[in-house]
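Enquirer: Chains as they are written, first to last, in the working numbering: chain A, 1 to 319; chain B, 1001 to 1319.
Where a beta carbon is used, it is the ideal one built from N, C-alpha and C, also for glycine.
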């Protein structure tokens, strides 16, 4: 049980913790209490087959959703951000330990950081699909630009994003969807996103207690909210692993609770992507269920989360 | 220039260093001075097409060379070795830092360690192919059993084995071939061997000077003999990358100078293999070209290197 934040519309309402984690001493696999696809095929843009695939697997890979010209426009914006010295001193920027090379940038959907990516986040092609799956208006819970270099890309261990968003950010229910826009080719050998089909139907309650300010380390290496080997092995035995390989311009939508991770990358081929998390406006963020201080606004949007007004910037970028 | 070891038949003969490395301050790409395929198709067992593929790419992937029954027999032997407590205290055994789980075992081709693997190393199917490619009798330069666990397999960075064998072991010329027998399924996502086609035709002379006893660290992480980014990028741009995926029982032969590496493995699927390096008896090992003390006998065979007498243990194991 947890109290909603006094400043939000659910104030004084007691929110039941349907997805407890980092509380028990042994891991437990719990059922999902929420729908996966909330909307209808008639709401578009996804077809009934695509919605069914998302419902079954917990993700959907959409090849060639962006044209090379659209990817090019995103790359130009990335270059602009990379060269912006002022940006590198902002907390949103994660720079390489050696040198000052930009590695990740949080909150590119905010127009003071990138007017272009703010509009891309709201584009009908992305926000529209999120609205259809979640059957509601959406806001951005988190967004990120990732610039993974070649030769030395580190692995990202298996996790459910929802587990972290629930425990550390106070996202009460599973009604959010992630969208990863591939801005480079993702081969089988340069550490592509790996997903476990069907894993979104159950919830791994992890062990360990979240320390304060865990997010600072967790951007490098996750130590809490890590699924146990036995649960992982069982889910992968049942569902297998799908590598989300694809040419630049491919877009991957995945459910907030789908297990995913990525291996390291020793190849010279870098991987960069644009990542938006769409949350239903009905899935109102409350106090973190771990009882810790909420993560900063640029990692998990709490206060500034305007409802997205779908636009069509991609059509302009198609040149 | 280097003196041959006084005890060997090439004593007092001055061996020219055709493949200098870890000497210059900047990396250089040198031509290969030696043949790739020394033998003829008529010598069997490889076909003209297979020899040509090896010549062109620097490797050959042979699916289903071992039957499930043969793999099973190798697994039984691995289990026996894993449970042998006496073995874990031998220098040949590399155990996990935590616990005493066997991770790698050197020199399984020596009959005092494994009578079975000693015969597998000499089997016509493996030693016979090496003899054909190298057009001579062969001995084992190095052998290893690798038991890579799931969830936490670490990456192995790009390298040419020959560079190390030349500099640290005193292998004068490129007339050796490696054979990796896959004892588990190798998927695209559990860190399979990656090879760079065509990279065997040139030699990357690396920077840095080899410290004494480098081999102890290099089994964990290679710090010297590491190709530079520019040379790697150029070779991969030209040849691409091939992941040697395949079901258990697949065998991969690759030239001593073919660039290879592997990404980490966060999947639950372990990878184990049996690895033999066949060297031509005409490619007599001399003093290390770096001037350091030679690596121990179990890492690089110098004294005890009987010429293999091909046998046919695989036929027995087929049940």
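#1: Could you give the first and the last residue of the continuous alpha helix (DSSP H) run that contains residue 83 of chain A?
#2: Given this structure, state the Cα-to-Cα distance separating residue 228 of chain A from residue 211 of chain A, to the nearest angstrom.
#3: Measure the alpha-carbon distance for residue 1310 of chain B versus residue 1077 of chain B and round it to whole angstroms.
#4: Leaving aside the five residues before and after residue 1131 of chain B along the sequence, list all residues of the same chain whose C-beta is less than 7 Å from its C-beta, in chain order.
#5: Have a look at the DSSP bridge pairing and note the partners of residue 325 of chain A.
#6: Roughly how many angstroms separate the alpha carbons of residue 88 of chain A and residue 1189 of chain B, rounded to a whole number?
#7: Which word fits residue 1175 of chain B, buried or exposed, when buried means at least 16 other C-beta atoms lie within 10 angstroms of its C-beta?
#8: Between residue 268 of chain A and chain B, is there a C-beta pair that is closer than 9 Å?
#9: Using 8 Å as the Cβ pair cut-off and three pairs as the minimum, do the stretch 107-123 of chain A and the stretch 255-270 of chain A touch?
#10: Could you list which residues in chain A have their beta carbon closer than 8 Å to that of residue 1158 of chain B, in chain order?
#11: At what residues does the alpha helix (DSSP H) containing residue 116 of chain A begin and finish?
#12: Is it a yes or a no for the stretch 1181-1199 of chain B touching the stretch 1291-1298 of chain B, going by three-plus beta-carbon pairs under 8 Å?
#13: In whole angstroms, what separates the C-alpha of residue 5 of chain A from that of residue 286 of chain A?
#14: For the stretch 56-74 of chain A against the stretch 238-255 of chain A, are there 3 or more C-beta pairs whose distance is under 8 Å?
#15: Going by alpha carbons, who is nearest to residue 177 of chain A out of A/19, A/160 and A/168?
#16: Under 7 Å Cβ-Cβ, which residues of chain B neighbour residue 188 of chain A?
#17: Going by alpha carbons, who is nearest to residue 1313 of chain B out of B/1043, B/1017, B/1045 and B/1126?
#18: Nearest-angstrom Cα distance between residue 1147 of chain B and residue 1092 of chain B?
#19: Need the endpoints of the alpha helix (DSSP H) that residue 313 of chain A sits in, please.
#20: To the nearest angstrom, how far is it from the Cα of residue 1033 of chain B to the Cα of residue 1018 of chain B?
#21: By the 10 Å Cβ neighbour count, where 16 or more other Cβ atoms means buried, how is residue 1209 of chain B classified, buried or exposed?
#22: I'd like to know if residue 174 of chain A contacts chain B, where contact means its C-beta is closer than 9 Å to some C-beta of that chain.
#23: With a threshold of 16 other CB atoms inside 10 Å of the CB of residue 3 of chain A, please say whether the residue is buried or exposed.
#24: Just list the beta strand (DSSP E) runs in the stretch 1022-1062 of chain B, keeping only unbroken ones of 3 residues or longer that don't cross its boundaries, in chain order.
#25: Output, in sequence order along the chain, the residues in the stretch 1120-1152 of chain B whose CB is closer than 7 Å to any CB in chain D.
Expert: If we stick to the structure as given:
#1: Position 83 of the first chain, counting from 1, holds the residue named residue 83 of chain A. Note, residue 83 of chain A: alpha helix (DSSP H), 68-83.
#2: In the first chain, residue 228 of chain A corresponds to position 228, counting from 1. In the first chain, residue 211 of chain A corresponds to position 211, counting from 1. Taking the straight line from one Cα to the other gives about 19 Å.
#3: Residue 1310 of chain B sits at position 310 when you count from the first residue of the second chain. Residue 1077 of chain B sits at position 77 when you count from the first residue of the second chain. Their backbone Cα atoms lie some 20 Å apart in a straight line.
#4: For this step, residue 1131 of chain B is matched to residue 131 along the second chain. Answer for residue 1131 of chain B: 1137 and 1138, listed in chain order.
#5: Missing from the structure shown is residue 325 of chain A; chain A here goes from 1 to 319 and no further.
#6: Numbered from 1 along the first chain, position 88 holds the residue referred to as residue 88 of chain A. Numbered from 1 along the second chain, position 189 holds the residue referred to as residue 1189 of chain B. Their Cα atoms are separated by approximately 34 Å.
#7: The residue labelled residue 1175 of chain B in the question sits at position 175 within the second chain. Buried, because 16 or more other Cβ atoms sit within 10 Å of the Cβ of residue 1175 of chain B.
#8: As a working note, residue 268 of chain A is residue 268 in the first chain. Closer than 9 Å: yes.
#9: no
#10: As a first step, residue 1158 of chain B is located in the second chain; it is residue number 158 there, counting from the start. What residue 1158 of chain B touches in chain A: 266.
#11: As a working mapping, residue 116 of chain A is identified with position 116 in the first chain. Unbroken alpha helix (DSSP H) run through residue 116 of chain A: 115-121.
#12: no
#13: The sequence position of residue 5 of chain A within the first chain is 5, counting from 1. The sequence position of residue 286 of chain A within the first chain is 286, counting from 1. Its pLDDT being 47, under 50, residue 5 of chain A is placed unreliably by the model, and nothing is read from it.
#14: yes
#15: Residue mapping note: residue 177 of chain A aligns to position 177 of the first chain, counting from 1. Closest option to residue 177 of chain A, Cα to Cα, is A/160.
#16: Indexing the first chain from 1 puts residue 188 of chain A at position 188. Going along chain B in sequence order, the residues near residue 188 of chain A (Cβ under 7 Å) are 1188 and 1243.
#17: For this step, residue 1313 of chain B is matched to residue 313 along the second chain. The shortest C-alpha separation from residue 1313 of chain B is found at B/1126.
#18: What you label residue 1147 of chain B is simply residue 147 of the second chain in a count that begins at 1. What you label residue 1092 of chain B is simply residue 92 of the second chain in a count that begins at 1. Near 14 Å, if we compare the C-alpha coordinates of residue 1092 of chain B and residue 1147 of chain B.
#19: Along the first chain, one-based indexing puts residue 313 of chain A at 313. Element bounds for residue 313 of chain A: 313-317.
#20: Indexing the second chain from 1 puts residue 1033 of chain B at position 33. Indexing the second chain from 1 puts residue 1018 of chain B at position 18. So the alpha carbons of these two residues sit roughly 8 Å apart.
#21: On the second chain, residue 1209 of chain B is found 209 positions in, with the first residue counted as 1. Label assigned to residue 1209 of chain B: exposed.
#22: The residue given as residue 174 of chain A occupies position 174 in the first chain. Residue 174 of chain A does not count as touching chain B.
#23: Here the question's residue 3 of chain A lines up with position 3 in the first chain. Below a pLDDT of 50, predicted positions are generally treated as unreliable, and residue 3 of chain A, at 45, falls in that range; the measurement from the model is reported next regardless. Label assigned to residue 3 of chain A: exposed.
#24: 1028-1031 and 1059-1062
#25: Among the protein chains of the structure shown, namely A and B, there is no chain D.
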